[in-house]
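Numbering (this note's numbering), first residue to last: 320 to 705.
If you want it as structure tokens, here you go:
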């Protein structure tokens with residue numbers, strides 16, 4: 320299983336498919352580089368913890384699952400050792416994630432677990448990870464500082480202390496906003512971290528934070544918060560929240576009278592959420608890890624293959640999970656082992672590995688290093704901001 324070779328092959332195949340006069344079999348015969356023999360590792364079993372039912376499943380868990388399974392299918396087609404998953408529903412809660420991890424570790428005997436959507440969950444799981452010394456490679460959780468809590472924790476998404484300051488630098492430079500309002504979910508670790516990094520970056524840029532509104536408990540009605548924000552006459556509104564509250568804030572904000580001329584700036588906004596928010600999302604700006612239009616290694620092949628397999632467009636959560644499995648497979652190949660300490664050390668040494676997010680490395684604490692992206696919503700689509 321040589322992941323670098325497969326990435327190159329997938330890119331070449333996407334181009335070769337456009338060339339007339341060659342059959343698919345001819346192309347495969349000419350382009351495929353035989354992978355190295357990894358039969359000595361046998362079956363590679365990886366635990367996956369994510370949401371399988373409910374709103375969070377539709378917006379996070381199922382895209383993650385599809386991304387993992389597409390990468391698994393591609394890697395396993397190369398022959399050699401086969402990757403298998405044991406998937407547990409974490410029910411979007413700390414209790415569910417704890418139960419999923421305990422089952423995967425103590426009943427199923429896995430040494431590597433991926434998935435782990437929410438930073439709130441990952442924070443609570445650190446003692447379990449440390450006690451059992453298992454690799455936890457989260458494809459989504461991105462609150463600042465979490466990877467530094469354990470040598471066994473790695474993350475695919477850029478942390479909020481990297482993504483948000485860069486996005487603010489780019490957007491403030493172009494739009495010139497000087498008065499900003501902030502709203503965030505104080506019960507969620509990611510949202511709190513995102514808001515904190517937004518606040519620090521705005522202050523450092525000389526932007527006046529005219530109001531900060533905090534909510535809790537997934538309220539259905541956020542209009543009182545948004546009315547208070549509107550009364551301060553901000554030039555931009557920063558939203559730090561998970562998917563459901565994110566879209567509620569955008570739609571309810573326009574309903575209370577916040578004009579479309581005041582842009583929402585929403586870290587980690589996806590195309591799915593743009594569609595849910597509809598007109599309210601028009602003009603919104605986001606700081607993100609992945610774009611369907613990027614010409615990163617294998618990205619266009621991934622976008623096409625995902626659409627062909629599932630009949631829907633890929634989003635960042637699918638892309639990050641897809642990349643996570645490729646990175647993990649590379650580390651297992653380099654370690655020639657699935658033992659947690661060996662995989663941990665191999666992950667720590669990943670450097671400039673080609674992924675759909677770009678060339679990927681880990682920093683000294685296990686956080687991702689690659690280039691962030693700033694997008695904006697135009698005519699209901701996420702497009703490059705610059």
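Idealized CB from N, CA, C, for every residue including glycine.
Query: Anticipated Cβ contact below 8 Å, residue 501 with residue 514, distance rounded; Result: 6 Å
Query: Length of the line joining the Cα atoms of residue 451 and residue 507; Result: 26 Å
Query: When 599, 562, 659, 564 are compared against residue 575, the one with the closest alpha-carbon; Result: 599
Query: Counted within 10 angstroms of its Cβ, other Cβ atoms place residue 631 as buried (16 or more) or exposed; Result: exposed
Query: Pick from 393, 571, 661 that is closest to residue 597, judged by C-alpha positions; Result: 571
Query: Opposing strand residues paired with residue 532 [DSSP bridges]; Result: 502
Query: Burial state of residue 659, where buried means 16 or more other Cβ atoms lie within 10 Å; Result: buried
Query: Reduced DSSP category for residue 675 - H, G, I as helix; E, B as strand; rest coil; Result: coil
Query: Beta-carbon gap between residue 444 and residue 420 smaller than 7 Å; Result: yes
Query: Inter-residue Cα distance where the pair is residue 418 and residue 435; Result: 13 Å
Query: Beta carbon of residue 424 nearer than 7 Å to that of residue 453; Result: yes
Query: Assigned secondary structure, residue 547 (DSSP; H/G/I helix, E/B strand, else coil); Result: helix
Query: Cα-Cα separation, residue 498 to residue 701; Result: 25 Å
Query: Chain-order list of residues whose beta-carbon lies under 7 Å from that of residue 657 (same chain, five-residue window excluded); Result: 360, 363, 430, 431, 651
Query: For residue 408, the first and last residue of its enclosing beta strand (DSSP E); Result: 402–408
Query: Segments assigned beta strand (DSSP E), at least 3 residues, entirely inside the stretch 390–461; Result: 402–408, 431–434, 454–457
Query: Helix, strand or coil at residue 561 [DSSP, three-state]; Result: coil
Query: Residue burial classification, residue 582 (beta-carbon count within 10 angstroms, cutoff 16); Result: buried
Query: Pairwise C-alpha distance: residue 545 and residue 535; Result: 14 Å
Query: Secondary structure of residue 701, DSSP reduced to three states; Result: strand
Query: Simplified DSSP state of residue 329, which is helix, strand or coil; Result: Unreliable placement is indicated for residue 329, whose pLDDT of 41 sits below 50; no coordinate value is reported for it.
Query: Span of the alpha helix (DSSP H) around residue 590; Result: 590–596
Query: Residue 476 versus residue 462: straight-line alpha-carbon distance, rounded; Result: 9 Å
Query: Residue from 559, 564, 509, 691 with nearest C-alpha to residue 675; Result: 691
Query: CB contact flag (residue 367, residue 685, <7 Å); Result: no
Query: Whether residue 566 touches residue 592 by CB criterion (7 Å); Result: yes
Query: DSSP-derived helix/strand/coil call for residue 525; Result: coil
Query: Cβ-based burial, residue 384 [other Cβ within 10 Å; buried from 16]; Result: buried
Query: Sub-7 Å separation of residue 517 and residue 553 beta-carbons; Result: no
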